[in-house]
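Here the protein sequences come in this chain order: A and B.
Reading the first sequence from the start, the letters are residues 0 to 342 in numbering that gives the first Met the number 0.
Reading the second sequence from the start, the letters are residues 0 to 260 in numbering that gives the first Met the number 0.
Cβ atoms here follow ideal geometry from the backbone N, Cα and C, with glycine treated the same way.
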Amino acid sequence: MSSIDALRDPNPSGPAFIRHIGAGNVILAVLLILYPAVASDFFLTQIGGYTLIFGMIALSLMLLAGYGGMVSLAQITVVGVAGYSVAIFGENSSDVMGFGWPWWIYVPVAVLFAAIASALIGLIAVRTEGIYTIMITLAVATAAFYFAQQNYTLFNGFPGYAGLRAPEVFGVNWRDPLPFYYLCLGTASICYAAVLYGAQSTFGLTLQATRDNQRRMRAIGYNTTAHKVFAWFLSGAIAGLAGVLLVWFQGRISPGTIGVGAAVNILIIAVIGGLRHPIGPFLGSILVVMMQTFAIDIVGAERFNTLIGLVFLGVVFVSPDGMLGLWEKAKPYLKQNSLRPDP
Amino acid sequence: MALLSENTRLSSTGSYALEMDGVARHFGALVALSDINMKIAAGERRAVLGSNGAGKTTLFNAVTGDFDCTYGRIRFFGEDITTIPAHDRIRRGLRRTYQISQLFDGLTILQSVYLACRGVSRRRFSLLRPRDRDANMEQARSILMAVHLYDDADLQVATLSHGRKRQLEIAFALAGAPRFILFDEPAAGLSPTERRDLVAILGALPSHIGYVIIEHDLDVALRVSEYVSMMHNGRVFKEGTPEEIENDAEVQAIYLGDGHG
Ligand SMILES: Nc1ncnc2c1ncn2[C@@H]1O[C@H](COP(=O)(O)OP(=O)(O)OP(=O)(O)O)[C@@H](O)[C@H]1O
Ligand SMILES: [Mg+2]
């Protein structure tokens, strides 16, 4: 059984619920729940929180690209739709907009807006294929960036919005490191589990089959366009959730958050991690967040992009399936060394 | 009077599974299909023969809506389907197989056929995983039984042999409640045993299900059809019973490899 299967497939032995969820996932969950016991506040938020948030954004791309064969560069734009919605419908300190709605209204609204925006982008993008999908979503992302930068009535232009904050609910201040880490962990786990489950659902199979052969899909009765647009909608909901967490964490949103650099960053995370399994985006996110946090001190800010680029090339050169693929490649060697029967 | 004749016309067209009026398809300057007028009765089994590039596959593509026809009208059980999308034609009971297998490499055989059954049912959209006892799952299994793929149900499609892939193509065409099937060279590349299986599967189809089969192998084609249309250069140039076609001098010339092109 491969390591990826260990995450997906029932383990033949053990208690029923572990068999159902998969041993790998249970171990992962326990480690992540215990992580705060060893992690400082910095590691909880700047590493843990960021990794989970960017993992979710990359997961929204993995859903589209891995299962749907549609590579989007506009995921950060969808994140931005949710982020700006939080600023506009919730509270901000920029004296523009800020309707002051309670969180339990503006969060669902923000996520819904993100999902709808994503579906609209999808509606344009599904007419294209391959490289053209990338180009058209890049165009959307670029246009959204400049629009947000130049429009002051709705987006407050260049400065954007500040003073966004996670609410206090049940007497817990969700901005504090520990609650915020668990909030991110909970949200990311739900998204991860939903994608894992959904991949084998009828819709998940439909999406993968459409990726493999759209023409055949039509010839067995599917309106492939409708199914693909729905995939964009679901992907948008995940990116939207991540967007809410991101602006709660950063406390602000500005055009820089949704710039072209950020858009490409998401693609890099997803590809470095691997697009074949929903754990891939989170693996890629750990690596990129760690590099962003620590490598800047070592190689300096100007050379940082060079470093990311080199790592990206390295991983993709050795394994087109990203870190997931690296692991798959390493396994046989590890196994040989540890399990080789005595002569 | 006018009303009456209109009604008789309608009911007479209703007895045809497939009617083509002046169907043509151009690819730029290339006329791949021109002025096709074909009427195929419900339940009829028809073979379409013709040399490479005669336009046979193009004919199928026009009927299923894989691409539009340039001129002409197509009716399916009396209903004009010329402009409706491909998936809607399938939902009305039309099925097809492809000359070059069109499969889902990332799925298993069972998942593929399950999707085909779901695709023509009302519940084609669901966010839940299919249950093992799901009606469409059960139907998929019985189809796999019929095309001799039952034991391979969980194999990944990408790993299948050519013969298996052709069987899976057939399985797609049997999903749901087909009313009329288009088989595009289902026997191509099959071994003699596999050909016999194919002929048996075609013979076992319920009699109300008609089909058109494109087949280069005269042996197979004439055995599984009641009527034959011969195509050349995008036109139907001869129609007749298998006996008439077999004994036709012009046809023999083509199939012996001279006198055309
Ligand atoms: N998508 C396409 N674009 C351009 N030309 C095409 C296309 N499809 C078919 N043609 C051309 O139309 C003509 C008819 O092709 P078609 O595939 O219908 O032939 P066929 O009778 O099925 O032949 P074969 O026995 O080789 O399968 C050929 O000249 C072919 O090159
Ligand atoms: Mg052909």
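Spatial distance of residue i from residue j (CA atoms)
| i | j | result |
| --- | --- | --- |
| Y191 (chain A) | L201 (chain B) | 46 angstroms |
| D191 (chain B) | F59 (chain B) | The amino acid occupying residue 191 (chain B) in the given sequence is Pro; Asp does not appear at that position. So the alpha carbons of these two residues sit roughly 26 angstroms apart. |
| G321 (chain A) | D153 (chain B) | 27 angstroms |
| I52 (chain A) | H226 (chain A) | 26 angstroms |
| Q251 (chain B) | I244 (chain B) | 8 angstroms |
| K330 (chain A) | L109 (chain B) | 30 angstroms |
| N135 (chain B) | L233 (chain A) | 25 angstroms |
| W173 (chain A) | P254 (chain A) | 25 angstroms |
| L286 (chain A) | G54 (chain A) | 11 angstroms |
| E43 (chain B) | E238 (chain B) | 14 angstroms |
| G23 (chain A) | D175 (chain A) | 29 angstroms |
| F303 (chain A) | A294 (chain A) | 7 angstroms |
| T305 (chain A) | K328 (chain A) | 26 angstroms |
| E78 (chain B) | G99 (chain A) | 57 angstroms |
| V298 (chain A) | G313 (chain A) | 18 angstroms |
| P343 (chain A) | V194 (chain A) | The question about residue 343 (chain A) has no answer here: the residues shown for chain A are numbered 0 through 342. |
| A198 (chain A) | Y66 (chain A) | 8 angstroms |
| L274 (chain A) | Q98 (chain B) | 32 angstroms |
| E301 (chain A) | G260 (chain A) | 14 angstroms |
| L167 (chain B) | L197 (chain B) | 12 angstroms |
| G162 (chain B) | A187 (chain B) | 9 angstroms |
| S71 (chain A) | G159 (chain A) | 24 angstroms |
| A176 (chain B) | I89 (chain B) | 10 angstroms |
| D133 (chain B) | T240 (chain B) | 43 angstroms |
| A262 (chain B) | R121 (chain B) | Here chain B comprises residues numbered 0 to 260, so residue 262 (chain B) is not present and cannot be evaluated. |
| V80 (chain A) | V171 (chain A) | 27 angstroms |
| E137 (chain B) | R123 (chain B) | 15 angstroms |
| G279 (chain A) | A114 (chain A) | 22 angstroms |
| S188 (chain A) | V85 (chain A) | 22 angstroms |
| G351 (chain A) | V310 (chain A) | The structure shown does not extend to residue 351 (chain A), since chain A is modelled only from 0 to 342, so the question has no answer here. |
| D296 (chain A) | Q45 (chain A) | 15 angstroms |
| A230 (chain A) | M69 (chain A) | 10 angstroms |
Whole-angstrom C-beta distance between residue j and residue i, which should lie under 8 angstroms
| i | j | result |
| --- | --- | --- |
| V146 (chain B) | F103 (chain B) | That belief does not hold up - the Cβ atoms of V146 (chain B) and F103 (chain B) are roughly 16 angstroms apart, past 8 angstroms. |
| A85 (chain B) | R217 (chain A) | 4 angstroms |
| E184 (chain B) | E225 (chain B) | Not a contact, Cβ separation roughly 19 angstroms. |
| G54 (chain B) | A31 (chain B) | 5 angstroms |
| A61 (chain B) | A40 (chain B) | Incorrect: roughly 20 angstroms between the Cβ atoms, too far for contact. |
| I120 (chain A) | A73 (chain A) | 5 angstroms |
From the options, residue whose alpha carbon lies closest to that of residue i
| i | options | result |
| --- | --- | --- |
| R178 (chain B) | B:A252, B:V119, B:G54 and B:V250 | B:V119 |
| L111 (chain A) | A:F293, A:Q199, A:F88 and A:L27 | A:F88 |
| W326 (chain A) | A:A138, A:L312, A:L282 and A:G239 | A:L282 |
| A170 (chain B) | B:E184, B:A139 and B:T158 | B:A139 |
| A46 (chain B) | B:L114, B:I180, B:D196 and B:Q166 | B:I180 |
| S35 (chain B) | B:Y70, B:L204, B:L221 and B:A252 | For the sequence presented, residue 35 (chain B) should be read as Ile rather than Ser. Comparing Cα positions, the closest option is B:Y70. |
| A262 (chain A) | A:I104, A:I295 and A:A238 | A:A238 |
| T76 (chain A) | A:L43, A:F42, A:T141 and A:M61 | A:T141 |
| N232 (chain B) | B:M37, B:N51 and B:L17 | B:N51 |
| D87 (chain B) | B:Q98, B:T158, B:T96 and B:F75 | B:F75 |
| T201 (chain A) | B:K38, B:D131 and B:A172 | B:D131 |
| Y210 (chain B) | B:V223, B:A248 and B:S111 | B:V223 |
| I142 (chain B) | B:P129, B:S111, B:L127 and B:T63 | B:S111 |
| G64 (chain B) | B:G49, B:S228 and B:I83 | B:I83 |
| G258 (chain A) | A:A138, A:L309, A:Y180 and A:F316 | A:A138 |
| D218 (chain B) | B:V235, B:S228 and B:R195 | B:R195 |
Cβ shell of residue i (< 6 angstroms), same chain only, five flanking positions each side left out
| i | result |
| --- | --- |
| G97 (chain A) | E90 and N91 |
| Y95 (chain A) | In the sequence under discussion, the amino acid at residue 95 (chain A) is Val, which differs from the Tyr named in the question. Contacts found: N155. |
| P205 (chain B) | none |
| H207 (chain B) | G42 |
| E242 (chain B) | none |
| G13 (chain B) | Residue confidence for G13 (chain B) is low, a pLDDT of 49 falling below 50, so the modelled location carries little weight; the figure read from the coordinates is stated next. Excluding positions up to five away in sequence, the list reads G77. |
Own chain residues within Cβ distance below 7 angstroms of residue i, not counting five before or after
| i | result |
| --- | --- |
| Y49 (chain A) | V288 |
| T205 (chain A) | Y221 and H226 |
| A38 (chain A) | G47 |
| L184 (chain A) | L31 and L51 |
| S125 (chain B) | none |
| T223 (chain A) | T209, Q213, M216 and R217 |
Neighbourhood of residue i by C-beta distance below 8 angstroms, restricted to the same chain and skipping five residues each side
| i | result |
| --- | --- |
| T107 (chain B) | A152, D153, L154, Q155 and V156 |
| T56 (chain B) | Q98, D183 and I213 |
Residue i: CB within 8 angstroms of a non-hydrogen atom of ligand 3
| i | result |
| --- | --- |
| T63 (chain B) | By its list of ligands, the structure shown excludes ligand 3, since it contains just ligand 1 and ligand 2. |
Do the segment 238–254 of chain A and the segment 152–169 of chain A touch if we need at least three Cβ pairs shorter than 8 angstroms?
yes
So, does the segment 143–152 of chain A touch the segment 122–131 of chain A, judging by three or more C-beta pairs under 8 angstroms?
no
Does the structure place the segment 49–69 of chain B close enough to the segment 15–22 of chain B that three or more beta carbon pairs sit under 8 angstroms?
yes
Could you say if the segment 56–72 of chain A and the segment 268–277 of chain A meet the contact criterion of at least three C-beta pairs nearer than 8 angstroms?
yes
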